[in-house]
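Quick note: the sequence shown uses the UniProt record's numbering, first residue 1, plus one each step. In what follows, a single structure is set out as structure tokens and then discussed.
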Amino acid sequence: MSEEMLTISDRIQHKLDDLTRAERQLALSILENYPASGLGPLTALAKDADVSVPTVARMVQKLGYKGYPEFQAELREELRAKAKNPIAKHDTWAEAAPSGHMLNRFTEAVIDNIRHTLGQIDPIAFDASCDLAGDTDRHLYIVGGRITHTLAEYLFLHMQVIRPNLTHVQSTSNSWPHYLLNAQEGDVFIIFDVRRYENNTLKLAEMAHARGAKIILFTDQWRSPVHQLATHSFSSRIVVPSAWDSAATTMLLVETMIAAVQNLHWEETKERMEELEDMFDQTRLFRKFT
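Okay, structure coming up:
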């Protein structure tokens, strides 16, 4: 993946193992309040991280920038991209639209997003999140927003078949606080939140976290503020030649999680599937051709 495609957060994650103790302290401080943490003066960033000014200058160079001004300029560009509405995103693509059919251009962008995303994901963390999602001793809450509720519904529909003890929560509904009444320490919240991050989703995550719940977050390359509360956070690249962001990479992760959780307790899942199929037969929901 080319350096131009990486966010500053990506660069920091890639370089963590190569940083000195002070530089790592600075890096973690930046990530804790990313991207706002790097928008102030260099001296303010150094003070907030409790490191020296030369430490900031050295780390910025290790990330591939000539100096702090260049680092800040790219950070501001990330913020502009993060805040774009659909019309602004379309205009950006229209200005530099490459030749070729949209099918090819869109597919190439999605494939590139998938490759980049998979290169950033820790398989151990993903497996751990699947273990949490499949643990029937924990109540599972699945939360989506204005657009991402479609991903949440898709995951919930499959998890309903795979395991008991789960709830679908729409953070855009005014009744979502009701669901928190039953949330207990150790329960699991799978939350979807991408750019134009929703205030309701963050508040729900804060309250669930305060009750001792585990949070698994599916977000974008800029990361929802919910990531600071998440036990596991998975960032997908979502930019495509469209006024809308792409859910293709996130859907790939969701379907992979479904497959993984399904296999964790296959015998129990198989029994649930067989029972459900029997119900379908009784209700004649689906047409049979034999």
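Beta carbons are placed, not taken as given, at the ideal position from N, Cα and C, and that holds for glycine.
Where the beta strand (DSSP E) through residue i begins and ends
| i | result |
| --- | --- |
| residue 293 | As displayed, the chain neither begins before 1 nor continues past 290, which places residue 293 out of reach and without an answer. |
| S236 | H232 to S236 |
Cβ-based neighbour list, residue i, same chain, cut-off 6 Å, excluding 5 preceding and 5 following
| i | result |
| --- | --- |
| H149 | Q170 |
| R211 | A183 |
| K214 | L132, V188 and T231 |
| E108 | none |
| H139 | N165 and D187 |
| Y65 | F71 |
| A260 | C130 |
| G134 | V261 and L264 |
| E185 | G212 |
| S224 | D193 and Y197 |
Residues bridged to residue i (per DSSP)
| i | result |
| --- | --- |
| G144 | Q170 |
| V188 | L140 and K214 |
| D220 | S236 |
Cβ-Cβ distance between residue i and residue j below 8 Å
| i | j | result |
| --- | --- | --- |
| T269 | I162 | yes |
| N113 | R196 | no |
| A208 | L166 | no |
| E153 | G144 | yes |
| L264 | C130 | yes |
| residue 296 | W222 | Residue numbering for the chain in the displayed model covers 1 to 290; residue 296 lies beyond these limits and cannot be assessed. |
| S233 | T219 | yes |
| residue 362 | D10 | As shown, the chain starts at 1 and ends at 290. That puts residue 362 outside it, with no answer to give. |
| D193 | L217 | yes |
| V240 | F106 | yes |
| V226 | A247 | no |
| E23 | R58 | yes |
Sequence-distant residues of its chain with Cβ nearer than 7 Å to residue i (five each side left out)
| i | result |
| --- | --- |
| F280 | F286 |
| L45 | S37, G38 and V56 |
| T136 | R163, P164 and N165 |
| K15 | K62 and L63 |
Close Cβ partners of residue i (< 8 Å) along its chain, the five nearest in sequence each way excluded
| i | result |
| --- | --- |
| L155 | I142, I190, V254, M257 and I258 |
| Q25 | A49, D50 and V51 |
| S2 | In this prediction, S2 scores a pLDDT of 47, lower than 50, which makes its location untrustworthy; the coordinate-derived value is nonetheless stated afterwards. Nothing meets the Cβ criterion. |
| N200 | G145, S171, T172 and W176 |
| E78 | T7, I8, P35 and W222 |
| I12 | A27, I30, L31 and L63 |
| L75 | I8, P35, G38 and L39 |
| D127 | A260 |
| Y68 | L42, V56, A57 and V60 |
Continuous alpha helix (DSSP H) stretch holding residue i: start and end
| i | result |
| --- | --- |
| A133 | P123 to G134 |
| P177 | W176 to L180 |
| G119 | M102 to Q120 |
| Q228 | Careful: Q228 lies outside any alpha helix (DSSP H) and carries neither H nor E. |
| H158 | H149 to I162 |
| F280 | W266 to T283 |
Minimum Cβ-Cβ distance from residue i to chain D less than 8 Å
| i | result |
| --- | --- |
| D135 | Checking the listed chains, one finds no chain D in this structure; it contains a single protein chain. |
Task: Complete runs of the alpha helix (DSSP H) confined to the UniProt domain "HTH rpiR-type" (6-82) [at least 4 residues] - done: Within the UniProt domain "HTH rpiR-type" (6-82), the complete alpha helix (DSSP H) runs of at least 4 residues are 8-15, 21-32, 42-49 and 53-62.
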